[in-house]
Every structure is written in C-alpha cells, then in structure tokens.
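Inspection log for the structure reproduced underneath, given as structure tokens.
Numbering (our numbering), first residue to last: 3 to 168.
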C-alpha cells in the first residue's frame with residue numbers, strides 16, 4: 003500500500019510570506035526610485051537658497067513651472083525675517099528673495115480664488131515668476147472637474163492671468 007505524503011502547511015505559509023515580502027520590497031523600491039528626483043531637487047534648492055539667497059534657515063520647498071521653472075524655498079534670512087527664495091532652475095540659478103510681508107499670503111491668494119471661482123479642489127498653490135513679476139499660481143479643478151489656473155500678483159493679489167477649462 004502506498005502512503006501519500008501531505009504537504010506541510012508550514013511550508014505553504016512560508017512561501018506565501020516570502021512572496022508578500024518580495025512584493026512589499028518591490029513596491030517600496032519603486033516608490034523610493036520615483037521620489038528620488040524630487041528629493042534631489044529639494045536638496046539642491048535648499049543648498050542654493052543658503053548660498054545664493056543668503057537664507058539662514060529653510061523650512062519648505064515647492065516647484066513652479068511657468069515660462070521658466072523655479073525652485074521656491076521658504077525660510078528666514080540672517081535677520082530672522084521670513085522670506086521666499088525663488089531660484090531659476092537654469093544653469094545660472096538666478097535667485098530672487100522676497101519678504102513674506104511684501105505680498106499677500108498663500109491663504110489670501112487661495113481665498114481670492116475660492117471666492118471668485120469656487121473650485122471643487124485646489125491642486126497646488128505656489129510662488130513663481132511671470133513676466134518678471136513674483137506671482138502666486140493657483141492650480142485647481144472647477145465644478146466640472148476641468149483643470150484651471152489663476153495667476154495672482156504677489157504684491158497685491160491682482161489677477162494677471164486666468165486659464166479656465168483646460
């Protein structure tokens with residue numbers, strides 16, 4: 003009489019755990035690789051803000067992509083005044099530093115867009131330069147879920163450009 007061997011449940015559980023572990027490692031590795039360029043850009047921006055913009059501290063980073071691309075770093079200068087450093091991403095890294103008190107806040111810019119356009123979702127609000135002027139660019143989805151942009155002058159909040167229903 004022939005005896006059938008049974009597979010041990012421990013072995014099956016071990017195989018399942020190894021497969022799950024491999025999937026987790028693959029997902030983590032993919033996410034890490036996808037985020038690497040942004041982390042490198044942030045590191046470069048902080049370094050340039052300190053060296054070219056003379057920032058003492060750096061607290062936040064964003065990117066603006068208009069007619070030119072900019073790294074935008076929030077921080078303080080040597081006198082502990084809150085400032086923004088706008089760093090052109092071209093090879094010369096022209097840096098413009100503006101005091102936060104010299105213009106409207108991000109919150110005020112968002113309130114202007116909310117009151118005028120009533121977006122369903124704000125995607126991004128970042129500083130940048132448009133036609134040589136420091137601006138807030140608000141990217142949002144309108145009620146019809148179409149992509150829209152508002153460009154507001156940083157110094158006074160006046161609308162410079164509006165692109166609706168892309």
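C-beta: ideal position from N, C-alpha, C; glycine also.
In the three-state DSSP reduction, residue 83 falls in the coil class, being neither helix nor strand. Going by beta carbons, residue 73 and residue 47 fall inside the 7 Å limit. Along the segment 15-73, the beta strand (DSSP E) occurs as fully enclosed runs of 3 or more residues at 57-67, listed in sequence order. In this structure, the beta-carbon distance from residue 75 to residue 91 does not fall below 7 Å. Just measuring C-alpha positions, the residue of 152, 157, 162 and 17 sitting nearest residue 168 is 152. In this structure, DSSP gives residue 135 an extended state, which the three-state scheme calls strand. Only residues of its own chain outside the window of five on either side were considered, and among them 100 and 156 have a CB closer than 6 Å to the CB of residue 136, listed in chain order. Contact between the segment 80-94 and the segment 26-37 is absent, with fewer than three C-beta pairs closer than 8 Å. When C-alpha distances from residue 103 are compared across 113, 86, 117 and 97, the shortest belongs to 86. Distance from the Cα of residue 58 is smallest, within the candidate group 163, 49 and 65, for 49.
The Cβ neighbour count for residue 140, taken over all protein chains shown within 10 Å, is at least 16; the residue is labelled buried. By the Cβ-count criterion, residue 12 is exposed, with fewer than 16 other Cβ atoms from all chains shown falling within 10 Å of its own Cβ. When DSSP states are grouped into helix, strand and coil, residue 164 belongs to the strand group. For residue 116 against residue 129, the beta-carbon gap comes to about 18 Å, at or over 8 Å, which does not count as contact.
Assignment of beta-bridge partners to residue 101 by DSSP yields 85.
Nearest to residue 107 by C-alpha distance, out of 147, 149 and 159, is 159.
Residue pairing from DSSP places residue 90 in a beta bridge opposite 72.
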